[in-house]
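Participant: For the sequence shown, the working numbering assigns the number 21 to the initial residue and increments by one for each residue that follows. For each residue, glycine too, the CB sits at the ideal point set by N, CA and C.
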Amino acid sequence: MARPIVGITTYLEAARWGTWVREAAVSPHAYARAVEKAGGAPVLLPPLSPVSAGDHARRLDAVILAGGVDVDPALYGEAPAAEADDGDALAAPQPHRDRFEVALAQAAVEADVPLLGISRGMHVLNVAQGGTLITSLPAAVGHDRHETARHVVTISVTSRLGKAVGDRGEVTGAHGRAVRRLGTGLLAVAWADDQIVEGVELQGHRFAVGVQWHPERGADNRLFEALVDAARP
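1) What do you reckon, are the CB atoms on Gly137 and Gly238 nearer than 7 Å?
2) Identify, in the order they occur along the chain, each residue of the same chain with its Cβ nearer than 8 Å to the Cβ of Ala34, setting aside the five sequence neighbours on each side.
3) With DSSP collapsed to three states, give me the class of Arg252.
4) Ignore the nearest five residues each way along the sequence and tell me which others in Arg78's own chain have a CB closer than 6 Å to its CB.
5) Whole angstroms are fine: how far does the CA of Arg226 sit from the CA of Ala111?
6) Is Ala127 closer than 7 Å to Ala73 when the C-beta atoms are compared?
7) Is the region 146 to 160 touching the region 89 to 103, taking contact as three or more C-beta pairs under 8 Å?
8) Between which two residues does the beta strand (DSSP E) containing Val133 stretch?
9) If we count Cβ pairs, one from each stretch, closer than 8 Å, do we get three or more for the region 166 to 174 versus the region 114 to 124?
10) Would you kindly report the start and end of the unbroken beta strand (DSSP E) that includes Leu181?
11) Assuming Ala50 contacts Ile25 under a Cβ cut-off of 8 Å, what Cβ separation, rounded to an integer in Å, is found between them?
12) Which complete alpha helix (DSSP H) runs does the region 185 to 222 hold, if anything under 4 residues is left out?
13) For Arg200, which residues from the same chain have a beta carbon less than 6 Å from its beta carbon, with the 5 sequence-adjacent residues on both sides left out?
14) Pick out whichever of Trp37, Arg165, His163 and Asp75 has its Cα sitting closest to the Cα of Gly27.
15) Take Thr30 as the anchor and find which of Val129, Leu207, Gln114 and Ile216 has the nearest alpha-carbon.
16) On a Cα-Cα basis, can you pick out the residue from Ala184, Arg197 and Met142 that is closest to Leu206?
17) Taking Cβ positions, are Val133 and Val83 nearer each other than 7 Å?
18) Just the C-alpha distance for Pro158 and Pro253, rounded to the nearest angstrom, thanks.
19) I believe Val220 touches Trp211 by the beta-carbon criterion, under 8 Å. Please report the beta-carbon distance rounded to the nearest angstrom.
20) If I follow the unbroken alpha helix (DSSP H) through Tyr51, where does it start and stop?
21) Helix or strand or just coil, what does DSSP make of Val89?
22) Identify which residue in Ser139, Ala131 and Val91 has its Cα closest to the Cα of His116.
23) For Ala169, count the other beta carbons within 10 Å of its own beta carbon; 16 or more makes it buried, fewer makes it exposed. Which is it?
24) Measure the Cβ-Cβ separation of Val185 and Trp233 and say whether it is below 7 Å.
Written out as structure tokens, the structure reads:
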């Protein structure tokens with residue numbers, strides 16, 4: 021049986037090899053490795069024109085919206101923050117990537133293509149469905165525990181996420197933003213101990229799941245296996 025083809029979104033950054041410095045589509049190798057281990061065939065998706073998003077959705081068997089720079093607050097009606105919570109300058113938004121990935125998420129939802137949003141990718145999915153984000157999580161919750169990489173989440177046992185990975189787990193993924201208002205059709209299915217949303221699912225879709233953490237960084241590959249299984253004919 022042919023492996024399902026899984027598209028993985030990428031950064032567009034200056035990259036160096038030898039004496040060359042060129043703009044390149046780049047991705048942490050952990051994403052591709054997790055997809056291959058789960059039985060899928062990974063392909064990288066450079067953030068090009070949003071017009072191409074529909075073509076990707078029609079040709080791919082599944083999509084991963086990968087992590088990265090925070091989504092531009094202008095896309096969900098918030099003012100940009102001048103600096104991070106620790107006083108450092110925030111990384112500049114990447115409008116080209118935002119536009120492409122929001123269009124890709126919307127196309128995948130419309131075409132019922134299995135979709136997994138990881139960290140930033142969960143935020144993209146939420147914004148694509150009309151939701152909003154908390155732009156300064158420590159200010160909203162009064163502590164900085166979400167900036168610690170390892171933390172425990174509780175997961176709904178009846179959700180696709182819970183059926184894939186269980187009802188509770190220690191996960192990896194520091195973050196300074198989170199879901200504020202859920203997008204249309206999305207349900208919260210995982211939470212931190214302060215009830216900040218750590219996982220979402222789209223109702224009525226074959227498989228559209230977003231998680232706040234980075235499953236590709238750990239040894240548990242069950243979430244990628246669930247995505248690949250959903251992508252099989």
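Facilitator: To lay it out plainly:
1) As a position in the sequence shown, residue 137 is number 117, starting the count at 1. As a position in the sequence shown, residue 238 is number 218, starting the count at 1. It is not a contact, given that the beta carbons lie outside the stated cut-off.
2) Within the sequence shown, residue 34 is the residue found at index 14, counting from 1. Result list for Ala34: Val41, Arg42, Glu43 and Ala44, in chain order.
3) Translated into the one-based positions of the sequence shown, residue 252 becomes position 232. Reduced to three states, the DSSP call for Arg252 is coil.
4) If you number the sequence shown from 1, residue 78 lands on position 58. For Arg78, same chain residues with a beta-carbon under 6 Å away, outside a window of 5 residues either side, do not exist.
5) In the sequence shown, counting from the first residue as 1, residue 111 sits at position 91. In the sequence shown, counting from the first residue as 1, residue 226 sits at position 206. Ala111 and Arg226 have their C-alpha atoms roughly 34 Å apart.
6) Stepping through the sequence shown from its first residue, residue 73 is reached at position 53. Stepping through the sequence shown from its first residue, residue 127 is reached at position 107. Yes.
7) The region 89 to 103 and the region 146 to 160 touch, with three or more beta-carbon pairs separated by less than 8 Å.
8) Here the question's residue 133 lines up with position 113 in the sequence shown. Counting along the chain, Val133 falls outside any beta strand (DSSP E), and DSSP gives it neither H nor E.
9) Taking 8 Å as the limit for Cβ pairs, the verdict is that the region 114 to 124 does not touch the region 166 to 174.
10) Position 161 of the sequence shown, counted from the first residue, corresponds to residue 181. Looking at the DSSP string, Leu181 is not in any beta strand (DSSP E); the run it does join, the alpha helix (DSSP H), is Arg180 to Val185.
11) Position 30 of the sequence shown, counted from the start, is the residue given in the question as residue 50. Position 5 of the sequence shown, counted from the start, is the residue given in the question as residue 25. The pair is not a contact, with the Cβ atoms about 19 Å apart (cut-off 8 Å).
12) Runs of alpha helix (DSSP H) with 4 or more residues, each lying fully within the region 185 to 222, are absent.
13) Within the sequence shown, residue 200 is the residue found at index 180, counting from 1. Residues Thr152, Leu153 and Ile154 of the same chain have their beta carbon placed closer than 6 Å to that of Arg200, with the five preceding and five following residues left out of the count.
14) Mapped onto the sequence shown, residue 27 falls at position 7. Residue Asp75 is the option with its Cα nearest to Gly27.
15) Counting from one through the sequence shown, the residue named residue 30 turns up at place 10. Checking every option, the nearest Cα to that of Thr30 belongs to Gln114.
16) If you number the sequence shown from 1, residue 206 lands on position 186. Here the closest residue by C-alpha is Met142.
17) The residue you call residue 133 lines up with position 113 of the sequence shown. The residue you call residue 83 lines up with position 63 of the sequence shown. Contact annotation: Val133 and Val83 have beta-carbon atoms nearer than 7 Å.
18) By 1-based counting over the sequence shown, the position of residue 158 is 138. By 1-based counting over the sequence shown, the position of residue 253 is 233. In this structure, the alpha-carbon of Pro158 lies about 43 Å from that of Pro253.
19) For the purposes of this step, residue 220 is taken as the residue at position 200 of the sequence shown. For the purposes of this step, residue 211 is taken as the residue at position 191 of the sequence shown. Contact between Val220 and Trp211 does not hold, since the beta-carbon distance rounds to 11 Å and is not under 8 Å.
20) The sequence position of residue 51 within the sequence shown is 31, counting from 1. First-last of the alpha helix (DSSP H) with Tyr51: His49 to Lys57.
21) Locating residue 89 in the sequence shown gives position 69, counting from the first residue. Correct three-state label for Val89: coil.
22) Working through the sequence shown from its first residue, we reach residue 116 at position 96. Out of Ser139, Ala131 and Val91, Val91 has the C-alpha closest to the C-alpha of His116.
23) What you label residue 169 is simply residue 149 of the sequence shown in a count that begins at 1. The residue is exposed, with fewer than 16 neighbouring Cβ atoms inside 10 Å.
24) As a working note, residue 185 is residue 165 in the sequence shown. As a working note, residue 233 is residue 213 in the sequence shown. Not closer than 7 Å, so no.
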